[in-house]
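Engineer: Position 6 of the sequence shown, counted from 1, bears residue number 19 in my numbering, the numbering being contiguous throughout. Beta carbons: idealized from backbone N, C-alpha and C, even for Gly. Source: prediction; values computed, not measured.
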Amino acid sequence: MTIGMPLLKVFGRMGCGGLILSTGGQVLAANETAHRMVQETFRECGDDLDLLADAGRELIKRLLSKSRTRMALDGENWILVERPGKRPLILGAVPVPLLGEDQPHTVVILIDLDQAPKPNAAVLERLFNLTPAEARLAATLASGATVVEIAKINCVSVGTIRTQLANVFAKTGTGRQAELIMLLGRLAMLV
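(1) Helix, strand or coil for E89? Go by DSSP, reduced to three states.
(2) Please state whether DSSP places L196 in a helix, a strand or coil.
(3) Entirely within the region 135-186 and at least 4 residues each: give me those alpha helix (DSSP H) ranges in chain order.
(4) Judging by CA-CA distance, which residue of V169, T185 and I124 is the nearest neighbour of R49?
(5) Answer with buried or exposed for I33, where buried requires no fewer than 16 other C-beta atoms within 10 angstroms of its C-beta.
(6) Looking only at C-alpha atoms, which of R81, L193, L77 and E45 sits nearest to E147?
(7) Around the C-beta of N44, are 16 or more other C-beta atoms found within 10 angstroms, so that it is buried, or is it exposed?
(8) Report the CB separation of C29 from I122 in whole angstroms; it is logged as a contact under 8 Å.
(9) Could you say which of L196, R199, A151 and P108 lies nearest to T176 if we only look at CA atoms?
(10) Output yes or no for whether 8 Å exceeds the beta carbon distance between R81 and T54.
(11) Go through its chain and collect everything with a Cβ distance to V161's Cβ below 7 Å, but skip five positions before and after it.
(12) L143 and V181 look like a contact to me (Cβ under 8 Å); what is the Cβ gap, rounded to whole Å?
(13) Can you look up H118 in the DSSP assignment and give me helix, strand or coil?
(14) What are the start and end residues of the beta strand (DSSP E) that includes P97?
(15) Classify V23: buried if its beta carbon has 16 or more other beta carbons within 10 angstroms, exposed otherwise.
(16) In this structure, what does DSSP give as the bridge partners for P110?
(17) So V120 and G25 are in contact, right, with Cβ under 8 Å, and what is the actual spacing, rounded?
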């Protein structure tokens with residue numbers, strides 16, 4: 014198994030891109046989410062980038078060129094990477110204990126502020142004993158839809174959605190929509 018793949022899979026389940034760089038700046042491993050985020054970021058500029066073929070150092074330079082913040086070399090960093098017409102990406106660089114020249118040196122985390130991880134409705138059903146309709150409602154709310162929009166999508170009345178929402182509140186131990194959304198955001202990594 015490639016170095017760091019379990020960690021990168023966890024990042025992917027959370028909706029985050031993940032890269033592992035060597036001391037020489039090469040990308041040792043990357044998850045699918047990172048591939049997608051980087052391709053989308055550079056495609057908007059007319060560029061294309063192959064994560065595993067291009068040096069990690071060059072990738073980081075290109076991402077940083079889209080930022081207004083400098084990166085410190087001696088520790089953990091979190092910066093915003095600007096993108097035209099979209100919210101910025103958050104780039105986190107976390108050094109790991111040095112094992113050798115071709116071993117992992119830095120874990121890079123990419124967070125797309127335009128993507129809201131959506132919890133799996135089947136998992137919500139099992140965890141909270143929700144009906145399929147209640148689980149779909151909860152998952153759709155977590156993606157940012159309003160009660161009115163959900164009613165229209167499902168061709169039901171707003172009253173029906175509000176009744177289902179009251180059941181979701183009771184079964185999840187939440188009392189307000191904001192509280193439910195926060196809970197669902199924490200569960201979005203469960204696939």
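Structural biologist: So, to answer that:
(1) Locating residue 89 in the sequence shown gives position 76, counting from the first residue. Coil at E89, not helix or strand.
(2) The sequence position of residue 196 within the sequence shown is 183, counting from 1. Helix, per DSSP.
(3) 145-155, 160-167 and 171-185
(4) Taking the sequence shown and counting its residues from 1, the one referred to as residue 49 is at position 36. Checked all of V169, T185 and I124; the closest Cα to R49 is I124.
(5) Translated into positions along the sequence shown, residue 33 becomes position 20. Under this definition I33 is a buried residue.
(6) Within the sequence shown, the letter at position 134 stands for residue 147. Checking every option, the nearest Cα to that of E147 belongs to L193.
(7) The count along the sequence shown starts at 1 and reaches residue 44 at position 31. Per the 10 Å Cβ criterion, buried.
(8) In the sequence shown, the residue the question calls residue 29 occupies position 16. In the sequence shown, the residue the question calls residue 122 occupies position 109. Indeed they touch by this definition, with Cβ atoms about 6 Å apart.
(9) In the sequence shown, residue 176 corresponds to position 163, counting from 1. Among L196, R199, A151 and P108, the Cα nearest to that of T176 belongs to A151.
(10) Counting from 1 along the sequence shown, the entry for residue 81 is found at position 68. Counting from 1 along the sequence shown, the entry for residue 54 is found at position 41. No, the Cβ-Cβ distance between R81 and T54 is not below 8 Å.
(11) Position 148 of the sequence shown holds residue 161. Contacts found: V171.
(12) Taking the sequence shown and counting its residues from 1, one reaches residue 143 at position 130. Taking the sequence shown and counting its residues from 1, one reaches residue 181 at position 168. Confirmed, about 6 Å.
(13) Numbered from 1 along the sequence shown, position 105 holds the residue referred to as residue 118. In this structure, H118 counts as strand in the three-state DSSP scheme.
(14) Position 84 of the sequence shown holds residue 97. First-last for P97: undefined, no H or E at that position.
(15) Walking along the sequence shown from the start, residue 23 turns up at place 10. V23 should be labelled exposed.
(16) For this step, residue 110 is matched to residue 97 along the sequence shown. Partner(s): none; P110 has no beta bridge.
(17) For the purposes of this step, residue 120 is identified with residue 107 of the sequence shown, where counting begins at 1. For the purposes of this step, residue 25 is identified with residue 12 of the sequence shown, where counting begins at 1. No, V120 and G25 are not in contact; Cβ-Cβ is about 13 Å, not under 8 Å.
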